[in-house]
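Note sheet for the following structure.
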Amino acid sequence: MILHIMRIKDINDGTIGEFELKNSDDEIMLNGYTLEPAGPDTIERNKDKRMPKGLYHVSWHSSPKFKTTLPLLHNENVAKDRFVLIHAGNYPKDTKGCILLGASYDDKGVYKSKDTLNKFLKLTRCKELKVVISDVR
């Protein structure tokens with residue numbers, strides 16, 4: 001499966017995107033919105049900034065904080081120890097350098113995040129997954 005994230009809008013302290021989760025037949029399994037930290041892009045950890053656009057591999061991380069297994073994104077430039085996860089949350093303060101999923105958005109954040117994350121995890125958990133992040137602004 002591939003998760004496509006297209007960044008569409010900068011908000012105060014965050015970046016809104018649209019996402020589509022596609023299966024191997026290129027069929028859309030789930031769509032919605034994302035919230036990432038604000039730019040500029042960085043590969044450095046502990047900066048609470050969004051990561052660069054590109055292709056990311058996913059490892060499944062058992063998160064003590066969220067008490068579940070979540071996707072951890074990494075590639076040759078962004079190390080696993082940056083701990084960029086996909087998790088639930090609504091506002092830029094919730095991102096902590098990660099990507100939040102939601103069913104709707106406004107200029108403050110994304111909404112119905114827990115429901116959207118649960119649907120996403122039901123389709124993807126512990127399966128092979130790649131993430132492509134692009135800018136369409």
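Quick note: the sequence shown uses the UniProt record's numbering, first residue 1, plus one each step. Glycine residues also receive a C-beta, built at the ideal position from the N, C-alpha and C atoms. Note that the structure is predicted; figures quoted are calculated from it, not measured.
Item, Value
"Please state whether DSSP places Pro64 in a helix, a strand or coil.", "coil"
"For Asn90, which option in Thr124, Ile16 and Arg7 has the closest C-alpha, if you only look at C-alpha atoms?", "Ile16"
"For Arg50, name the three-state secondary structure that DSSP assigns.", "coil"
"Under 8 Å between the Cβ atoms of Gly54 and Leu35?", "no"
"Please classify Arg127 as buried or exposed, where buried requires at least 16 other C-beta atoms within 10 Å of its C-beta.", "First, the amino acid is wrong: residue 127 is Lys here, not Arg. Lys127 is exposed by the Cβ-count criterion."
"Name the residue from Glu18, Asp10, Asp107 and Phe120 whose alpha carbon lies nearest to the alpha carbon of Ile86.", "Phe120"
"Compare the C-alpha of Leu123 against each of Ile8, Asn23, His4 and Phe19 and name the closest.", "Asn23"
"Check each candidate in Leu30, Ala88 and Lys47 and name the one with the smallest Cα separation from Lys67.", "Ala88"
"Check whether the Cβ atoms of residue 150 and Gly32 lie closer than 8 Å to each other.", "Since the first residue of the chain shown is 1 and the last is 137, residue 150 is not available in this structure."
"Count the other CB atoms within 10 Å of the CB of Ser113; is the residue buried (16 or more) or exposed (fewer)?", "buried"
"Would Val131 and Leu3 be called neighbours here (beta carbons separated by less than 8 Å)?", "yes"
"Which partner residues of Arg125 appear in the DSSP bridge assignment?", "Partner(s): none; Arg125 has no beta bridge."
"What does DSSP give as the partner residue(s) for Ser59 in the beta ladder?", "Leu72"
"Counting along the chain, where does the beta strand (DSSP E) carrying Arg7 start and finish?", "Ile2 to Ile11"
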